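Numbering (this note's numbering), first residue to last: 14 to 157. Glycine included, each C-beta is placed from N, C-alpha and C at the ideal position. Predicted, not measured: the structure shown is a model, and the values here were computed from it. What follows is a short report on a single structure.
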């Protein structure tokens with residue numbers, strides 16, 4: 014592993030049930046436990062957004078070089094379960110709804126859309142590839 018391959022975020026508590034993630038470039042994202050009346054994303058929703066966002070970027074790059082979409086949305090769903098294996102999501106599904114205007118470039122974009130989605134899923138999207146392959150997560154506590 015090289016220094017260039019390392020990705021990281023730091024999560025800090027801002028108040029009870031509320032957190033801020035900061036990336037290496039200084040960007041921040043607020044999220045929470047989902048137990049209050051706020052509209053912050055929960056960690057599970059962030060995971061779903063990461064799956065959809067990762068593959069959306071791949072597909073957008075591949076198709077928008079041919080035509081600008083008139084509409085582009087990605088819905089990601091999963092069922093939260095808890096059993097002998099612990100809490101997790103099952104039946105993860107990613108559904109693209111992409112509309113291109115008329116024209117030759119749009120026809121090319123429509124034609125490559127299924128292949129772009131498949132290539133992202135099978136090879137390019139780091140988030141869904143990590144989930145599907147299964148990568149161990151190590152949790153440690155630093156003594157302070």
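C-beta atoms of residue i and residue j nearer than 9 Å
i: residue 113; j: residue 75; result: no
i: residue 103; j: residue 88; result: no
i: residue 47; j: residue 55; result: yes
Nearest-angstrom Cα separation, counted from residue j out to residue i
i: residue 118; j: residue 18; result: 35 Å
i: residue 136; j: residue 146; result: 11 Å
i: residue 60; j: residue 155; result: 25 Å
i: residue 4; j: residue 44; result: Since the first residue shown for the chain is 14 and the last is 157, residue 4 is missing from the structure and cannot be characterised.
i: residue 116; j: residue 122; result: 10 Å
i: residue 24; j: residue 79; result: 39 Å
i: residue 150; j: residue 30; result: 22 Å
i: residue 157; j: residue 98; result: 32 Å
i: residue 77; j: residue 62; result: 21 Å
i: residue 125; j: residue 132; result: 10 Å
i: residue 49; j: residue 144; result: 28 Å
i: residue 51; j: residue 94; result: 23 Å
i: residue 148; j: residue 101; result: 14 Å
i: residue 28; j: residue 120; result: 50 Å
First and last residue of the uninterrupted alpha helix (DSSP H) at residue i
i: residue 63; result: 56–77
i: residue 132; result: 117–132
Start-to-end residues for the beta strand (DSSP E) that takes in residue i
i: residue 137; result: Residue 137 -> no beta strand (DSSP E), and no H or E assigned at all.
i: residue 25; result: 22–28
i: residue 86; result: 84–96
i: residue 101; result: 99–112
i: residue 42; result: 41–45
i: residue 156; result: Element bounds for residue 156: n/a, residue is neither H nor E.
Whole-number beta carbon distance between residue j and residue i, since they are thought to touch under 8 Å
i: residue 68; j: residue 141; result: 6 Å
i: residue 26; j: residue 32; result: 6 Å
i: residue 162; j: residue 129; result: For residue 162 there is no data in the structure shown, the boundaries of the chain being 14 and 157.
When the options are compared against residue i, the one with the closest alpha-carbon
i: residue 138; options: 77, 64, 108; result: 64
i: residue 169; options: 53, 120, 35, 104; result: Only positions 14 to 157 of the chain appear in this structure, which leaves residue 169 out of reach.
i: residue 110; options: 85, 157, 77, 57; result: 85
i: residue 106; options: 96, 97, 98, 92; result: 92
i: residue 66; options: 153, 134, 152; result: 134
Minimum Cβ-Cβ distance from residue i to chain B less than 9 Å
i: residue 68; result: In the structure shown, chain B does not exist; there is a single protein chain.
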